[in-house]
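Mapping of the sequence shown onto the numbering used here: residues 38 to 398, in sequence order.
Just so you know, even glycine gets a beta-carbon here, dropped at the ideal spot from N, CA and C.
As the structure is a computational prediction, the values presented were derived from the model and not from experiment.
Heads up: the structure comes next, in structure tokens.
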Amino acid sequence: MSFRLLLCAICFFVLSACREPDKNPVSLSTHQELHLPIITVNQGSPLEYTSVGSIVSEQRVTIASRLSGYLLDIPLQEGDTVKVGQLLARLDSAEVDGAIRQSTAALNAAKSVLHDANIDAARFNTLFAQGHIAENDVRKIKLHQSAATEQLNQAQAVLSAAKSQLQYTEIHSPISGIVVEKHLRAGDLAVPGMPILTVESGRILRFETEVPERHLSAIAVGKSVRIQLDGLSKPLLGTVERIVRSGDSVTRSYPVKIALADTTNLMPGMFGRAVFEVGTSDDLLLPVSTLIERGGLRGVFVLGTDNVARFRWLRIGREWPTQVAVTVGLSAHERVVDHPPANLHENDRVIALAVTRGVTP
């Protein structure tokens, strides 16, 4: 019985193998046709030099006294905001007050002397008219009267000068800004030229950096600069405003001041980097939207003349926020797929939606 079953099974498989093949076999190829945007590889990328620097205020004022005296009060601390004309410090006015009192007394004495000289001159003129005194006596009294007048004028000038010093016992801010340094405290002796406070205005801000002499010829006033501050996520646009043509003899670098297009939310002292374009290279540029990352490596789908997509690994050089420079893996004017979808595979046929060129970063 088992022999018969085995014989039947063998016959079944033999007959099955002898069947006529299917006239419409299923194709093993699963390649698809996709309509996708295409980017043409662009050649020529900017050579850039990056230098560090910081935001500085164009209005930084060191406050000092015009008089010598002890500070009675400095009602401000670092970080306080001040306005134009606001009281910053007050000096002891005892010495100035004493000078004013002394000058006032000298003025009163000069007035008395002149008053007596005027009386004497009038009496001598009368006596001279009556023939009781000589003309030389009248001349002497007039000289005394003139000297008393000059003495009075001098006393008035000294008093005016003493009173003018009184205004300098109170120090007011010449600008609106922020107190960034407090050099002296109440009770300290202030002398002319010694800093008391430093006030910085936030209205006019610049980015200051230094550029080595080898790149100085590629930088000119009016040239655009990209500024990246550590405290901001987006770069700022700047313009070279001044190049100080006096370099450091040790570092061989020159100060460069950069005007900023937008100073909103900026503060003096913020650290950042200035990126100068100093030339061009032969690097190939690609938008980051064309890249596919696999296992830490990056590549693109290259479209051949037959419009078939083939994946190719790349070696990436310099990088920007929206573009990269390709050092190995591509040639100029080759076509790559932009924004490749997840269902794009090797040897898929691609119909170009548009052919565009990358933008130089």
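- DSSP, read as helix, strand or coil, puts Thr276 in strand.
- It is roughly 42 angstroms from the alpha-carbon of Ser238 to the alpha-carbon of Gly81.
- In terms of CA proximity to Val89, Leu266 leads the group Ala389, Leu266 and Pro378.
- Here Val121 is near Ser213, since their CB atoms are less than 7 angstroms apart.
- As summarised for the stretch 267–355, the continuous beta strand (DSSP E) elements at least 3 residues long and confined to that stretch are 273–280, 290–297, 308–324, 329–331, 334–340 and 346–350, given in chain order.
- Assignment of beta-bridge partners to Ile208 by DSSP yields Ala126.
- A contact between stretches requires three or more CB pairs, one per stretch, nearer than 8 angstroms, and the stretch 196–203 meets this requirement with the stretch 131–140.
- With a threshold of 16 other beta carbon atoms within 10 Å, Tyr107 falls short and is exposed.
- Looking at the backbone, the Cα of Asn190 and that of Leu124 are separated by about 34 angstroms.
- The DSSP-derived three-state label of His152 is helix.
- Annotation: Val216 to Glu250 spans about 36 angstroms, alpha carbon to alpha carbon.
- Ranked by Cα distance from Gly230, the first of Asp110, Ser368 and Ser102 is Ser102.
- When DSSP states are grouped into helix, strand and coil, Gln191 belongs to the helix group.
- The DSSP-derived three-state label of Val121 is coil.
- Within the same chain, Leu109, Asp110 and Glu207 come within 6 angstroms of Arg127 by CB-CB distance, once the 5 residues on both sides are set aside.
- Rounded to the nearest angstrom, the gap between the Cα atoms of Thr364 and Val119 is 55 angstroms.
- Here Ser210 is buried. Its C-beta has 16 or more other C-beta atoms within 10 Å.
- When the beta-carbon positions are compared, Tyr291 and Val248 come within less than 7 angstroms of each other.
- Under a 10 Å Cβ-count criterion, Phe308 is classified as exposed, with fewer than 16 other Cβ atoms of the shown protein chains found around its own Cβ.
- Of all alpha-carbon atoms in Ala192, Gln360, Asn344 and Ala223, the one lying nearest the alpha-carbon of Leu328 is that of Gln360.
- Rounded to the nearest whole angstrom, the CA to CA distance from Thr77 to Phe338 is 12 angstroms.
- Annotation for Leu108: no alpha helix (DSSP H) segment contains it, though the beta strand (DSSP E) segment containing it runs Gly106 to Asp110.
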